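Q: Right, I'll just put the structure down here and ask away after.
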Amino acid sequence: MNNVLKKESSTQNYHKLMKNGREIMKKLISIILIAALILSMGIIVSAEATVKNGTTNADVAKLQKELNTVLGCNLAVDSIAGPKTIEQIKIFQKMYGLVVDGIAGAQTWAALNKAYADKIASTANNGYLITTTYNSPHIVTLSKSKDGNKYLTKNFQVKEFACNDGSDAVKIDYALVQRLQQIRDHFGKAVVINSAYRTAAYNQKVNGASKSLHLTGQAADITISGVSLASIRSYAYSIGLTYGIYDTFVHVDTRNIASPSSFNGDY
Ligand SMILES: [Zn+2]
1331 MNNVLKKESS TQNYHKLMKN GREIMKKLIS IILIAALILS MGIIVSAEAT VKNGTTNADV
1391 AKLQKELNTV LGCNLAVDSI AGPKTIEQIK IFQKMYGLVV DGIAGAQTWA ALNKAYADKI
1451 ASTANNGYLI TTTYNSPHIV TLSKSKDGNK YLTKNFQVKE FACNDGSDAV KIDYALVQRL
1511 QQIRDHFGKA VVINSAYRTA AYNQKVNGAS KSLHLTGQAA DITISGVSLA SIRSYAYSIG
1571 LTYGIYDTFV HVDTRNIASP SSFNGDY
C-alpha cells in the first residue's frame, strides 16, 4: 500500500515537473520571439539615411568608403557629400542600372551595400576564380588565351588544365580543382598535371577511353615529385576522387565524389 502511494506521488511530481518544463519553454519561446522582433526593428531603424548634395551625416562617410572600394575612386572620407561624392554616386548609379540622380536613397544604398560586400568577398578570396566549395561536379568552359594565367585556386592556373593539343577552349571541373588543391596542401608539394581536359579528337589520338572523364574536364593525370603514386592514390580516394592505377602517374576524377572507386588503367 505504501509503495503504491509512493509511486502515485512520484508520478504526480513527474507531471508537475513536466508542466513546469512546458511553461518554461513557452516563456523562453516568447522571449526569443520578442528579441527577434526588437532585432528586426533595429535593422530597419538602422538603414542608411539618404545622401544628396550637401548632406553631412555619419552615413556619408560609409557611402564614400564603399564607393572608393567598389569604383576604385579616391574620395576623401570626410562625411561631407560635395560635388565629387555626388559625381561618383551618379557613376555608380549608371553602372548598376539605377536612376541617375546623384541621390543615394534606399535602392542605391541596397545596390551599393551589395556591390561592396561582393568586392570584399572577392578580395578576401585573393581573386581566385573558385569562390565556393563544390561537392559535386561543376564544369565551366574557359579560354586558354584569355584566362590561361588566371588562378582557379591558390596553386592552380587555368592553363594547366588545357588540352595538350593546344586548343583554346578548356573544360574545367571546379570540384576537381578544389580536390587537387587539397592534394597540393596535404603533401605540401607541387602537383604536376600531365593531362587534364582532352578534346574528343585528342582523346582519340592518345587512345583514351571513349567515355573518358578527361572529355568533360572531370579528370587529371598527376604526379608529385618525391611522393609515391600509392600515397597519392590513397589520399585522393580519401577526399572523394576515383583513381586509376598506372605505372607513371595517378589518374583522378570526380565521377562519384560521395562514393569514389578505383580501376586499373585504360579508362
Ligand atoms: Zn586519366
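When we follow my numbering, the leftmost residue of the sequence shown carries the number 1331, and every step to the right adds one. Built from N, CA and C at the ideal position, the CB exists for glycine as well. Small disclaimer: the values here were computed from a predicted structure and weren't measured.
Using the Cβ count rule (16 or more neighbours within 10 Å means buried), how would you classify T1471?
A: Position 141 of the sequence shown, counted from the start, is the residue given in the question as residue 1471. Exposed is the call here.
Q: Taking the DSSP output, what are the residues bridged to T1471?
A: Along the sequence shown, read from residue 1 onward, the residue named residue 1471 stands at position 141. Its beta-bridge partners are K1501.
Q: Contact between the stretch 1470-1484 and the stretch 1420-1440: three or more CB pairs below 8 angstroms?
A: No, because fewer than three Cβ pairs between the stretch 1470-1484 and the stretch 1420-1440 fall closer than 8 angstroms, the two stretches do not touch.
Q: For the stretch 1445-1461 and the stretch 1553-1572, state whether three or more C-beta atom pairs, one from each stretch, are separated by less than 8 angstroms.
A: no
Q: Tell me which residues share the same chain as G1457 and place their Cβ nearer than 8 angstroms to its Cβ, disregarding the 5 neighbours each side in the sequence.
A: To locate residue 1457, count along the sequence shown from 1; it is residue 127. Closer than 8 angstroms at Cβ, skipping near neighbours: Y1481.
Q: Can you tell me the Cα-Cα spacing of N1594 and D1577, whole angstroms?
A: In the sequence shown, counting from the first residue as 1, residue 1594 sits at position 264. In the sequence shown, counting from the first residue as 1, residue 1577 sits at position 247. The straight-line gap from Cα to Cα measures roughly 10 angstroms.
Q: Check the DSSP bridge columns for G1595 and list the partner residues they point to.
A: The sequence position of residue 1595 within the sequence shown is 265, counting from 1. Answer is none; G1595 lacks a bridge partner.
Q: Between G1574 and ligand 2, is there a pair consisting of the residue's CB and a ligand heavy atom that are separated by less than 7 angstroms?
A: Annotation note on ligand 2: not contained in the displayed structure, which lists ligand 1 as its ligands.
Q: Going by DSSP, what residues sit across from G1574 in a beta bridge?
A: Within the sequence shown, residue 1574 is the residue found at index 244, counting from 1. DSSP lists H1581 and F1593 as partners of G1574.
Q: Check whether the stretch 1480-1495 and the stretch 1512-1530 are in contact - that is, three or more C-beta pairs closer than 8 angstroms.
A: yes
Q: To the nearest angstrom, how far is the alpha carbon of E1378 from that of T1483?
A: As a first step, residue 1378 is located in the sequence shown; it is residue number 48 there, counting from the start. As a first step, residue 1483 is located in the sequence shown; it is residue number 153 there, counting from the start. When rounded, the distance between both Cα atoms is 36 angstroms.
Q: Within 10 angstroms of the Cβ of V1536, are there 16 or more other Cβ atoms? Answer buried if so, exposed if not.
A: Stepping through the sequence shown from its first residue, residue 1536 is reached at position 206. Answer is exposed; the Cβ neighbour count stays below 16.
Q: Going along the chain, which residues of its own chain have a beta-carbon closer than 7 angstroms to the beta-carbon of K1501, five neighbours each way excluded?
A: For this step, residue 1501 is matched to residue 171 along the sequence shown. Cβ contact annotation for K1501 (same chain, cutoff 7 angstroms, sequence separation greater than five): I1469, T1471, Y1527, T1546 and G1547, in chain order.
Q: Please confirm if V1488 has its CB atom under 8 angstroms from at least one CB of chain C.
A: Any reference to chain C falls outside this structure, which holds one protein chain only.
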